[in-house]
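K.L.:
Numbering (our numbering), first residue to last: 67 to 870.
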């Protein structure tokens with residue numbers, strides 16, 4: 067039942083008026099007066115929102131649901147009265163009121179603060195405005211804005227100015243990075259007949275953006291300048307097993323230009339494998355079976371890639387190290403020491419060029435040799451052959467290779483505890499207009515900044531400091547985020563709680579996520595608090611249904627939808643793999659076939675991605691709930707039993723690989739360390755459930771420092787063998803996948819190479835890391851169990867969201 071109280075116009079209602087309306091006894095009036103005095107003191111110190119709904123212990127609270135009509139006192143008066151009424155729930159006895167449901171437990175929050183947190187989240191969820199998000203997306207996609215260009219700087223300035231208008235401190239942070247740009251891109255078929263290839267994408271009448279002439283030509287960033295003429299061999303997706311099959315079929319690729327389909331691995335892996343197999347050059351193309359007419363209607367009739375669509379993209383060897391190729395491990399500031407390009411291990415050595423399906427068709431139509439294996443046939447209307455020849459191409463690439471300025475935007479909303487940072491981010495550069503990639507995420511983050519700024523203007527002060535990074539040159543190789551993390555690594559190690567990434571955040575309505583295992587539980591719980599825009603049901607229910615519709619659920623599988631591992635390919639990479647900061651990445655996906663082309667435009671989003679921007683707004687709500695829980699929790703909402711279970715499962719798979727390879731490797735220390743990690747995680751989890759009620763702020767702070775450090779304990783200071791920039795012993799992007807993650811990568815990849823000596827060293831480093839993590843968790847248990855109060859004490863007025 068709802069109690070409706072209308073605040074009368076004129077002077078503020080006094081205590082007698084409130085007492086009359088709520089039928090308070092004399093004793094209740096006295097208690098009301100005492101608490102009102104406490105509330106007023108909290109208001110002076112911490113603001114309205116900070117003092118709402120946590121002034122009595124929840125076990126004694128039965129809150130009436132209160133609706134306030136807004137009169138000329140405005141929002142502030144309404145919040146003040148609402149906070150008072152929530153604070154004095156036991157005193158309010160409306161006629162025929164039904165008992166309110168108990169406040170659900172929130173991971174990391176004391177029971178006395180859970181109601182306040184939920185009230186704050188509910189208020190935040192009312193604020194996102196789809197029109198505001200659409201306005202940002204329209205502005206961000208108004209022109210092509212590739213990194214290293216004046217247009218990219220203008221986008222950074224737009225973001226900075228918007229953030230400042232929302233009350234955030236925001237600044238541009240610049241670096242000097244090696245960013246080649248194309249001067250000449252030429253490809254032609256020279257035999258058995260002459261055909262000019264590498265033609266520009268065709269404009270579509272319905273989308274004015276596609277007629278612009280200031281879009282960069284289709285190219286692969288970091289391809290060297292070169293001129294090559296050679297026969298062509300078709301290599302399917304250009305994976306290790308594809309080259310192995312060609313060898314079995316007697317088809318040689320040495321000295322030839324290989325033609326590979328996009329997909330199933332990072333394009334930089336395709337370039338490295340072509341180089342390692344002796345190819346003279348590489349042509350990449352988008353096959354219609356993957357993202358063109360064989361998948362569905364093409365743009366502008368549908369969301370898929372037209373025949374002239376080109377997928378631009380970097381081929382930097384980010385699986386070795388991402389970021390500026392000339393300054394590995396250090397920030398690319400103006401005076402930083404730099405490698406010569408020839409010495410940079412992340413730079414490819416053979417010319418590589420992307421083309422459209424229509425250009426690939428001209429090459430494939432003139433290939434001879436045997437027919438391809440059945441599963442290698444693509445979607446073009448011709449029979450695919452392997453070659454070599456007679457199709458012969460001439461490729462000529464000329465790059466303007468120099469250092470260029472890149473501009474991050476770093477925004478800061480100071481919290482009460484500036485020694486703890488909750489971070490979020492996305493990149494702002496794009497190969498062309500970038501409506502989905504990256505601007506859907508950028509628009510979401512800008513709207514989230516506006517919403518959080520509005521909360522701050524109404525008196526809320528975050529417990530932990532919030533930072534948002536808008537990174538430049540991500541498309542070239544995660545450059546903006548990597549350089550910033552490398553520059554701030556020591557400070558991040560001391561302060562960072564977690565990092566939320568929102569790249570390519572919205573292209574449809576199917577929810578998906580990847581995360582550090584310790585953040586999965588938080589993510590599941592946050593999706594329970596947010597509604598799916600289409601169905602009006604809780605997002606977690608819709609997410610489970612979408613997952614079950616995509617395939618059968620294995621017997622014994624977790625009832626929750628799967629959350630992916632963090633490999634690479636976006637800006638969580640330096641935070642997680644280099645600095646050891648827990649991270650997560652989520653968004654809504656759909657049929658998105660125009661990736662990295664001129665057709666990824668504002669108009670595409672309006673027609674196919676999210677026409678009313680409802681899913682953008684839902685993502686603002688979800689990201690807001692996640693950030694608020696990380697910012698406001700008494701104890702950080704990290705789940706290490708889930709993490710330990712993942713590690714034990716991976717250790718079991720590694721043992722099976724050792725037996726399969728008959729490797730001379732004893733994994734007993736790894737297995738024992740994984741078990742110790744699991745035991746320590748279970749003990750810590752039990753202790754933390756009780757410790758969350760402690761009123762001892764110093765002990766809470768010490769526990770949180772330890773919880774933050776567990777992820778960092780899993781780093782190896784010397785990094786993985788052969789690629790020391792990657793320091794995480796449990797996760798890394800695969801050397802042969804580039805994007806997809808590999809678990810226990812140091813040991814696994816050494817085993818797969820048959821390098822037993824390296825496998826033994828990596829196993830020792832892994833076992834030591836797991837033992838360090840277990841020791842940190844045991845220290846958490848010790849601190850959490852120390853001097854526990856017999857029962858949770860009532861929290862003083864204002865402690866819920868105010869000073870701590």
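Every residue gets a Cβ at the ideal spot worked out from N, C-alpha and C, and that includes glycine.
For residue 397 and residue 799, what's the separation of their Cα atoms in angstroms?
P.N.:
Cα to Cα, residue 397 sits roughly 22 Å from residue 799.
K.L.:
So is the beta-carbon of residue 275 under 7 Å away from any non-hydrogen atom of the ligand SAH?
P.N.:
For the ligand SAH, the structure offers nothing, since it holds no ligand at all.
K.L.:
Is it right to say residue 763 is buried, meaning 16 or more other beta carbons lie within 10 angstroms of its own, or is it exposed?
P.N.:
So residue 763 ends up on the exposed side.
K.L.:
Would residue 850 be called buried (16 or more neighbouring beta carbons within 10 Å of its own) or exposed?
P.N.:
Buried, since its Cβ has 16 or more Cβ neighbours within 10 Å.
K.L.:
Look at the Cβ atom of residue 487, then the Cβ atom of residue 541, and state whether they are nearer than 8 Å.
P.N.:
Cβ atoms of residue 487 and residue 541: not closer than 8 Å.
K.L.:
Would you mind sorting residue 118 into buried or exposed? The rule is 16 or more other CB atoms within 10 Å of its CB.
P.N.:
Below a pLDDT of 50, predicted positions are generally treated as unreliable, and residue 118, at 44, falls in that range; the measurement from the model is reported next regardless. Residue 118 comes out buried.
K.L.:
Measure the beta-carbon distance from residue 552 to residue 395 and round it to whole angstroms, keeping in mind my assumption that it falls under 8 Å.
P.N.:
Going by Cβ atoms, the distance from residue 552 to residue 395 rounds to 6 Å, so yes, they are a contact pair.
K.L.:
Along the beta strand (DSSP E) that carries residue 770, what are the first and last residues, could you check?
P.N.:
Taken as a continuous stretch (DSSP letters only), residue 770 belongs to no beta strand (DSSP E), being part of the alpha helix (DSSP H) at 763-779.
K.L.:
Beta-carbon separation of residue 683 and residue 199 under 8 Å?
P.N.:
For residue 683 and residue 199, yes; Cβs fall inside 8 Å.
K.L.:
In terms of residues, what are the limits of the alpha helix (DSSP H) holding residue 541?
P.N.:
Its alpha helix (DSSP H) spans residues 540-543.
K.L.:
Determine the direct distance from the alpha carbon of residue 827 to that of residue 783, and round the result to whole angstroms.
P.N.:
Cα-Cα distance, rounded: 13 Å.
K.L.:
For residue 759, which three-state DSSP category applies?
P.N.:
Three-state result, residue 759: coil.
K.L.:
Among residues of its own chain, excluding the 5 on either side of residue 455, which ones have a beta-carbon nearer than 8 Å to its beta-carbon?
P.N.:
The answer, listed in chain order, is 257, 297, 298, 433, 434, 435.
K.L.:
Starting from residue 419, follow its DSSP beta bridges and name the residues at the other end.
P.N.:
DSSP lists 349 as partners of residue 419.
K.L.:
Does the separation of the CB atoms of residue 588 and residue 173 fall below 8 Å?
P.N.:
Yes, these two residues count as a Cβ contact at 8 Å.
K.L.:
Which value, in whole angstroms, describes the spacing of the CA atoms of residue 339 and residue 777?
P.N.:
Those two C-alpha atoms are separated by around 33 Å.
K.L.:
Going by the beta-carbon positions, is the gap between residue 579 and residue 647 smaller than 8 Å?
P.N.:
No, the Cβ-Cβ distance between residue 579 and residue 647 is not below 8 Å.
K.L.:
With C-beta atoms as the reference, is residue 503 less than 8 Å away from residue 213?
P.N.:
Cβ atoms of residue 503 and residue 213: not closer than 8 Å.
K.L.:
Counting only the same chain and skipping the five closest in sequence on each side, list residues whose C-beta sits under 7 Å from that of residue 424.
P.N.:
Only 373, 374 meet the Cβ criterion.
K.L.:
Closest Cβ-Cβ distance between residue 806 and chain D: below 8 Å?
P.N.:
Among the protein chains of the structure shown there is no chain D, as only one such chain exists.
K.L.:
For the alpha helix (DSSP H) containing residue 653, list its first residue and its last residue.
P.N.:
No alpha helix (DSSP H) holds residue 653; the beta strand (DSSP E) holding it covers 649-655.
K.L.:
Compute the Euclidean distance between the alpha carbons of residue 591 and residue 565, then round it to the nearest angstrom.
P.N.:
Cα-Cα distance, rounded: 17 Å.
K.L.:
By a C-beta neighbour count over all protein chains shown, 10 Å radius and 16 as the cutoff for buried, is residue 698 buried or exposed?
P.N.:
When all chains shown are included, residue 698 counts as buried.
K.L.:
Using 8 Å for Cβ pairs, my map puts residue 711 next to residue 744. What's the rounded Cβ distance?
P.N.:
That belief holds up - the Cβ atoms of residue 711 and residue 744 are roughly 7 Å apart, short of 8 Å.
K.L.:
What would DSSP say about residue 241, mapped onto helix, strand or coil?
P.N.:
Of the three classes helix, strand and coil, the one that applies to residue 241 here is strand, per DSSP.
K.L.:
In the DSSP assignment, find the alpha helix (DSSP H) that holds residue 822 and state where it starts and stops.
P.N.:
Per DSSP, residue 822 belongs to the alpha helix (DSSP H) from 822-851.
K.L.:
Would you report the Cα separation of residue 852 and residue 767, rounded to the nearest angstrom?
P.N.:
Using only the alpha carbons, I get a separation of about 14 Å.
K.L.:
For residue 314, which of 507, 802, 301 has the nearest alpha-carbon?
P.N.:
The shortest C-alpha separation from residue 314 is found at 301.
K.L.:
For residue 728, which of 676, 820, 708 has the nearest alpha-carbon?
P.N.:
Of the listed residues, the one whose Cα sits closest to residue 728 is 820.
K.L.:
Going by beta carbon distance, what residues of the same chain come within less than 8 Å of residue 429, once the five residues before and after it are set aside?
P.N.:
255, 263, 298, 325, 349, 457, 459.
K.L.:
In this structure, how does DSSP classify residue 499 when only helix, strand and coil are distinguished?
P.N.:
It is coil, neither helix nor strand.
K.L.:
So, is residue 88 buried or exposed, given that buried needs 16 or more other C-beta atoms within 10 angstroms?
P.N.:
Low confidence applies here, because residue 88 scores a pLDDT of 43, under 50, leaving its location unreliable and the question unanswered by this model.
K.L.:
In whole angstroms, give me the CA-to-CA distance for residue 448 and residue 284.
P.N.:
Each residue's Cα considered, the two are about 25 Å apart.
K.L.:
Using a Cβ distance threshold of 8 Å, determine whether the segment 472-479 contacts the segment 275-284, with at least three qualifying pairs required.
P.N.:
The segment 472-479 vs the segment 275-284: no contact.
K.L.:
Could you tell me if residue 236 is buried or exposed, where buried requires 16 or more neighbouring beta carbons within 10 angstroms of its beta carbon?
P.N.:
The residue is buried, with at least 16 neighbouring Cβ atoms inside 10 Å.
K.L.:
Nearest to residue 426 by alpha carbon, out of 418, 327, 404?
P.N.:
When only C-alpha atoms are compared, the closest one is 327.
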